[in-house]
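One structure is given below, encoded as structure tokens.
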Amino acid sequence: MSAETSVPRPRESDVDISDSALFKGLLSEAQFAFAFLDPDGRLQRANDVFSDVVGVPAERLAGRAPAEALAADLAQIVTHAVQGVVESDAPVTESRVRVRTPEGETRHWSLSFSPVHDDTGELRAVALIGMDVTESRQTEEDLRRSEERYRSLVEAQSQLVWITSPTGTVVEDAPQWRAITGQGLEEYLAHGWLDVVHPEERQQTEEAWKEALRGRTMFEWNYRVRTRASGYRHFEVRAVPIIRHGRVVEWVGANTDVTPQREAEEMRGRLTDQLGAAALRTARLQGATAMLAEALTVEQVVQVIIDVGRTALAADRSAVALLDTDRAALKLVNGEGVPEASGTTGEEIPLSHSSVMTMAVNSRRPVFAESPESLKSQLLEAGGDERVLANYLTNSDERAWVGLPLLAAGRALGALRFSFTRPQKISQEDGVFLEALAGQCALAVERATLFEREHRTAETLQRSLLPDRLPVIRGLELAQRFRSGSRHVQVGGDWYDAFVLQDGRVAAVVGDVMGKGVKAAAGMGRIRNAMRALALTNPPPAAVLTGLDRVFDATEEEEQVTTLAYMVVEPVTGEGTLALAGHPPPVLVSPQGTAVLCDAQPGTPLGWPTSRRQFRFVVPPGHTAVLYSDGLVENRKRGLDAGLAEICSVVTEAPPEVVRSPHMLLDFLVDRMLSGYEQDDDVTALAIHVPPATKSD
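When you number the sequence shown by the UniProt record's numbering, it's gap-free, plus one each residue, and the end is 697.
Spelled out as structure tokens, the structure:
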């Protein structure tokens, strides 16, 4: 038994590679390139495939170094590989080369080099084996390009692709996601994606994801994600289950950054809101301007301002004050005082006292206090009493204030005050709107103040042309009502008169000089004076109208139109005569409340050639005759015929006590006939009442 314990070398094959027949058969059948090189790197044998690859006949390769027979790049690869095998006595594999065929086609080959030993273990040669990998290389290249295209497409669409297990557990890294969120790999793999979802949306997002996992349905959601910079971006996510053989093998999802779209939508929304608010403010200002244009008196202007404050500004309280320059104070037109002004409790606020309104007037600029703190700061700076102000803020429910000066040509007319029971943010656009509103209100106040002053003057002038009082006559009771319709502060032409004639009878007349202004008033004065003179000289109505026609021709212009109703009545009995010059007929009211229109011919206005006629007109005891101007029965919406029918109908609605009193009857008629209509003309009415006969009579 041998004592040798070493492991014997494997038995080498008895095949001799120098056997040319065997070698030639092997090389000719092989589908790969094959060559032998000696340890010095010279080619010894090569098959036809190798010869075709390098483009050199096999007989020209034997005994030559690679640099002498092969292309430079291939020769360099072979030389270095052989040296590596010789030095390491180990194979060198996976050397890739690219070869162009005689037909111009590029082929890719994979070369491997292996050591070949003899029986003694000595390196005898280096075997080169080459495999044509063109097709597999092309497949790899196509796959690489496909992946690059897919990656580029995903990146171009701002998409983050991710994969989870069938149970929703993250199993692969998503570098793009982590680059955005700043998460580490371990944090992300441990459901870290939920940690960066906005807290307000995390619970709903997690529940929706679990529901999709249970139902194996597409997961579509959107949420905000915290970024590395601690801000949030909007993402839309869509994930689908990959199902094979009826089972979910994985989930593939993509997150799309939609922050630019969301920001654009929000910007469009803000712009739309701003444009809508601007249009609304413009419409409100136009509406306020239209209403202010129709307001003639200060009272009407104030009411419009209150309505605008309530509707356009949503103000809880509104106040208007006009400036009294002589007293250096603001006088409240409405409201119950300005409580934040120290030392003021009534309707007058000295300009020396600090308040929202006085600050606006003194500075000629709007005052905006969006909170109690802002009001306190501004009023204290203006010299307000801290104790009074603190007491007001403690007990008041007002929480925001606006003070606007009323300026006309730079001159202060007063101020507006709007208050709110909630803090109110006043934007720059709101400030522009409020200043424009204050400008319109100032113009309306100035116009209304001028109107009232001129209207009082006009009405005083008009009333000065009418009798101071009616005569008191036994057996006859007279009453009159005059309501000016001087809408445009011009004197009207309506007039009435009643006086006792020399024979004891009473002359009563109601006239109407068409037109407005001083011209109409002058004409009214002339006709009234002429009528008195004619009646006192020759009282019969026909004679008086005939005389007035002559006066009219001599003193009045042709285009002037004047109408009147003139009657002479006997006290106690009511016997009388009547003449009309184009005037509405009188109404005779019985004690029972029935009304009858006088059927006398209306005649023509004064100055028109005609033969004047008079008619018997009796006012029996207990009855009342009413003479009136057309303003009582006619207006833009009601014609004369309809008005005459309506006045008779209104009389029937009067209570008995009203019918018995001429004063109450006139009030009743005027109120009812004007109710529901805009008065656009003077209204004049004269009642002649004959009291019922008594036993003493």
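C-beta atoms are modelled at their ideal positions from N, C-alpha and C, and glycine is treated no differently.
Asked                                                                                                              : Found
Minimum C-alpha distance to P91 - residue among L61, L74, A127 and A71                                             : A127
Cβ-Cβ distance between L606 and G525 below 7 Å                                                                     : no
Reference Q428, options S611, T555, E370 and V304, closest by Cα                                                   : E370
Rounded Cβ spacing between L189 and V161 (contact assumed at less than 8 Å)                                        : The Cβ separation is near 16 Å, so there is no contact.
A479 and H663 closer than 7 Å at C-beta                                                                            : yes
Outcome for residue 728 when other beta-carbon atoms lying within 10 angstroms are tallied against a minimum of 16 : Since the first residue of the chain shown is 1 and the last is 697, residue 728 is not available in this structure.
Same chain, Cβ closer than 7 Å to T101, five either side skipped, listed in chain order                            : R107
P224 and Y232 closer than 7 Å at C-beta                                                                            : The amino acid occupying residue 224 in the given sequence is Arg; Pro does not appear at that position. Yes, they are a contact pair.
Whether G593 touches V690 by CB criterion (7 Å)                                                                    : no
Distance CB(V618)-CB(E575) smaller than 7 Å                                                                        : yes
Separation of M218 from P241, as counted between CA atoms                                                          : 7 Å
Nearest neighbour of V356, chosen from E348, L375, E347 and P350 [CA to CA]                                        : L375
Alpha carbon of S230 to alpha carbon of V196, nearest angstrom                                                     : 10 Å
L292 versus M514 - alpha carbon distance                                                                           : 29 Å
As assigned by DSSP and simplified to three states, the class of residue 701                                       : The question about residue 701 has no answer, for the chain in this structure spans 1 to 697.
Residue of Q378, R202 and T227 minimising C-alpha distance to W221                                                 : R202
Whole-Å CB distance - L536 paired with L548, under 8 Å assumed                                                     : Actually they are not in contact, since the Cβ atoms of L536 and L548 sit about 14 Å apart, beyond 8 Å.
Own chain residues within Cβ distance below 8 Å of E435, not counting five before or after                         : P366 and L404
Presumed contact (8 Å Cβ cut-off) between residue 768 and L476, rounded CB distance                                : What is shown of the chain runs 1 to 697, which leaves residue 768 out entirely.
A565 beta carbon near the ligand PLP (any heavy atom closer than 6 Å)                                              : Absent from the structure shown: the ligand PLP. Ligands present: none.
Paired residues, beta bridge with F451 - DSSP                                                                      : F451 is not bridged to any residue.
Assigned secondary structure, H689 (DSSP; H/G/I helix, E/B strand, else coil)                                      : strand
Residue of I426, T563 and P350 minimising C-alpha distance to M531                                                 : T563
Contact under 7 Å by Cβ, A319 with R417                                                                            : yes
Enclosing beta strand (DSSP E) for M131 [first to last residue]                                                    : L123 to D132
Those residues which DSSP pairs with G253 across a bridge                                                          : W162 and A239
Cβ-based burial, P66 [other Cβ within 10 Å; buried from 16]                                                        : buried
CB of I647 within 7 Å of CB of V670, strictly                                                                      : no
Contact belief for Q440 with A542 at Cβ below 8 Å, rounded distance in angstroms                                   : The Cβ separation is near 57 Å, so there is no contact.
Enclosing alpha helix (DSSP H) for L674 [first to last residue]                                                    : P662 to L674
T164 classed as buried or exposed, judged by whether at least 16 other C-beta atoms fall within 10 angstroms       : buried
Per DSSP, the bridge partner or partners of F368                                                                   : V402
Close beta carbons around E206, own chain, < 7 Å, minus the five adjacent residues each side                       : L194
Selection from A508, G493 and D494 that minimises the alpha carbon distance to L470                                : A508
Inter-residue spacing [alpha-carbon to alpha-carbon] between D257 and G269                                         : 20 Å
Cβ pair count under 8 Å reaching 3, the stretch 324-336 against the stretch 384-400                                : no
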